[in-house]
Amino acid sequence: AAFVVARAGDAPAYLVPQSDAASKHEAKLSDPALARLARVLLSATFLSGAFSFVYEIGWVRMLNQALGTTIHSFELMLAAFIAGLAFGGLWIRQRGASIRDVIAYAGYAQVAMGVAALLSVLALANSFTWVGWLLAALARTDNGYTLYSAGSAAIALLVMFPAAFFAGMTLPLFTMALLRAGADERAIGRIYAANTLGAIIGVFAVVHVLIPLIGVRLSVTVAALGDAVLGFYLLRAISPARATPGYAVAALVTLAAVAISMIGGKPDPRAQASGVFRHGRAELPMDSQVAYLRDGKTATISLTVFPEERIASIATNGKPDAALALTLDDAPTSDEATMIELAALPLALHAKPENVAVIGWGSGLTVHSL
Numbered sequence: 008a009a010f011v012v013a014r015a016g017d018a019p020a021y022l023v024p025q026s027d028a029a030s031k032h033e034a035k036l037s038d039p040a041l042a043r044l045a046r047v048l049l050s051a052t053f054l055s056g057a058f059s060f061v062y063e064i065g066w067v068r069m070l071n072q073a074l075g076t077t078i079h080s081f082e083l084m085l086a087a088f089i090a091g092l093a094f095g096g097l098w099i100r101q102r103g104a105s106i107r108d109v110i111a112y113a114g115y116a117q118v119a120m121g122v123a124a125l126l127s128v129l130a131l132a133n134s135f136t137w138v139g140w141l142l143a144a145l146a147r148t149d150n151g152y153t154l155y156s157a158g159s160a161a162i163a164l165l166v167m168f169p170a171a172f173f174a175g176m177t178l179p180l181f182t183m184a185l186l187r188a189g190a191d192e193r194a195i196g197r198i199y200a201a202n203t204l205g206a207i208i209g210v211f212a213v214v215h216v217l218i219p220l221i222g223v224r225l226s227v228t229v230a231a232l233g234d235a236v237l238g239f240y241l242l243r244a245i246s247p248a249r250a251t252p253g254y255a256v257a258a259l260v261t262l263a264a265v266a267i268s269m270i271g272g273k274p275d276p277r278a279q280a281s282g283v284f285r286h287g288r289a290e291l292p293m294d295s296q297v298a299y300l301r302d303g304k305t306a307t308i309s310l311t312v313f314p315e316e317r318i319a320s321i322a323t324n325g326k327p328d329a330a331l332a333l334t335l336d337d338a339p340t341s342d343e344a345t346m347i348e349l350a351a352l353p354l355a356l357h358a359k360p361e362n363v364a365v366i367g368w369g370s371g372l373t374v375h376s377l
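Here is the structure:
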C-alpha cells in the first residue's frame, strides 16, 4: 500500500514553487548561507524528533492508565500516532508546490504541534471519564467489545493525531527547504538521520531523566513548549518573512494553550488509580485516600487506602497488584493468600534453599514469608 501511494501522481513537483513570487523566498543560497541553513534545519529536525517521541512515550504511559496495557490497547495507540505522521506527510506532498516560504510553514507547523500536544494533556485528563462512559454504555458481548475498541481508538486519535499530524509535516518541509535552497540529495539522508538520532535521544531522555524527575504529564508539557519555542525561532530568525500578523496570533494561541494545559490538564489521582478499564468506574470511592502516586520509568505506581474495607492496595497503571489488610486483626485479603503461597509452595518442594529469586517487588509479603 505504501508503494502504491508513493508511486501515485507526479514525482517531486512540490520541491519547486509554483510562482515567481515564491522564488524570491526560495532563491539559491551561497555556500556559507546554505551551510548555516543546513546546520539550523538539522538541529531543528533533531529536536523535533526528540520532542515527538517524548510525546509518544508520555501519551502511551497516560493512556495505559485509562485504556489498559493490553496488546490491543497498544496497537490502537501506535496506529493513531503513525496515522498522524502519515497524513501529515501526505498533506505536504499534495500542497508542497503551493508553499512559498517553506521555513515559515515549518515554523507554524512546529508551533501548532506544540499547541496540539499541550491540549492533548487536557484530553488525557478526561480520558478516564470517557472510558468509564464507554464501559457503562456497552454490553459485555462480542459486539460490545468491538464498539469499545472503536471508542478506544477514537480516544487515542483525539489525543495523538493532531500533534502527530504536524510532526509528519516537519521532515518533508525541512528537506524541501534545503533542496530549494540548492542542497543536493544528500540533504534528504542527513535530515532523516538527524531526526532518527533525535528520536533515540528523546526516548532515552524521557524514560531515564524527565519522567523520574517531573512525571509523565509535565514531560509532555516540556516537550510541547520546546516545539513551540523551536517554531518561533524558525519564524523569527530564519524565515525570510519575519514580521507577520500570524506570529502574534501564534504566540497568543500558545500562551492560551499553556494556561489551559496547566489548569485543566492535571488528572485526578483517584482516577489514575481507579483501573477504569477493568470495571468502568472512572474514580475510586470518595472515602479512599491515594497515599502515594508516582510515575516510574516503566509504570505509574499508586498506593490507595480504603478505610471502610480496612485494606491498602498497590496498583500498577491502575491495575491492583497487591492488597493487604491494615492490621493483623482484620480479615486477610484474597491477594495475601496468593502472595504467601508464592513463597510456601516452592519451600514445600525444596525445604532448605540457599538462593531464592523473587521476581518483582510489591507489598513485600512474599519475601516476608520466605
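Each residue of the sequence shown is one higher than the one before, counting from 8 in the working numbering. From the three backbone atoms N, C-alpha and C, an ideal C-beta is built for every residue, glycine too. Computed from a prediction, not measured in an experiment: that's the story for all the values here.
Where the beta strand (DSSP E) through residue i begins and ends
i      : result
Asp294 : Counting along the chain, Asp294 falls outside any beta strand (DSSP E), and DSSP gives it neither H nor E.
Val312 : 307 to 313
Pro378 : Any question about residue 378 goes unanswered here, given that the chain covers just 8 to 377.
Ala319 : 318 to 323
Integer-rounded CB distance, given that residue j should sit under 8 angstroms from residue i
i      : j      : result
Ala289 : Gly189 : Incorrect: roughly 56 angstroms between the Cβ atoms, too far for contact.
Ala257 : Val118 : 5 angstroms
For residue j and residue i, the rounded distance between their alpha carbons
i      : j      : result
Ala358 : Pro219 : 40 angstroms
Leu186 : Gly91  : 25 angstroms
Ala350 : Val365 : 9 angstroms
Trp368 : Ala344 : 16 angstroms
Asn133 : Pro274 : 7 angstroms
Ala171 : Gly253 : 22 angstroms
Ala319 : Pro339 : 11 angstroms
Val297 : Ala278 : 10 angstroms
Glu63  : Ala146 : 31 angstroms
Ala255 : Ala266 : 17 angstroms
CB of residue i within 8 angstroms of CB of residue j, strictly
i      : j      : result
Phe88  : Gly209 : no
Asn150 : Gly56  : no
Ile48  : Ala184 : A small correction: the amino acid at residue 48 is Leu; Ile does not occupy that position in the sequence shown. Yes, these two residues count as a Cβ contact at 8 angstroms.
Val67  : Ser268 : no
Ala332 : Arg317 : yes
Met393 : Ala263 : Since the displayed the chain opens at 8 and closes at 377, residue 393 lies outside it and no answer follows.
Thr323 : Met346 : no
Val227 : Ala124 : yes
Phe181 : Ala113 : yes
Ala235 : Thr261 : yes
Val214 : Lys304 : yes
Ala206 : Met120 : no
Given residue i as reference, the closest of the options once Cα atoms are compared
i      : options                        : result
Gly238 : Leu356, Ala355, Arg107, Ala111 : Ala111
Arg301 : Leu44, Met69, Ala51            : Met69
Leu164 : Phe211, Thr77, Glu82           : Glu82
Trp98  : Leu154, Pro169, Glu63          : Pro169
Lys326 : Gly271, Val283, Gly65, Thr136  : Val283
Asp108 : Ser246, Ala298, Ala306, Gly95  : Ser246
Ser281 : Thr307, Ala174, Ala244         : Thr307
Thr311 : Gly303, Leu291, Ala130, Phe211 : Leu291
Ile195 : Ala45, Asn362, Pro39           : Ala45
Gly2   : Arg224, Ala255, Met293         : With the chain represented from 8 up to 377, any question about residue 2 goes unanswered, as that position is not in the structure.
Ser80  : Ala146, Ile162, Val363         : Ile162
Asp294 : Phe313, Thr305, His286         : Phe313
Val363 : Leu356, Ser370, His286, Leu377 : Leu377
Start-to-end residues for the alpha helix (DSSP H) that takes in residue i
i      : result
Leu333 : First-last for Leu333: undefined, no H or E at that position.
Ile218 : 218 to 240
Thr182 : 149 to 187
Ile366 : First-last for Ile366: undefined, no H or E at that position.
His357 : It is not in any alpha helix (DSSP H) - His357 carries neither H nor E in the DSSP assignment.
Asp38  : 38 to 74
Any C-beta of chain D under 8 angstroms from that of residue i
i      : result
Thr177 : Of the protein chains in this structure there is only one, and it is not chain D.
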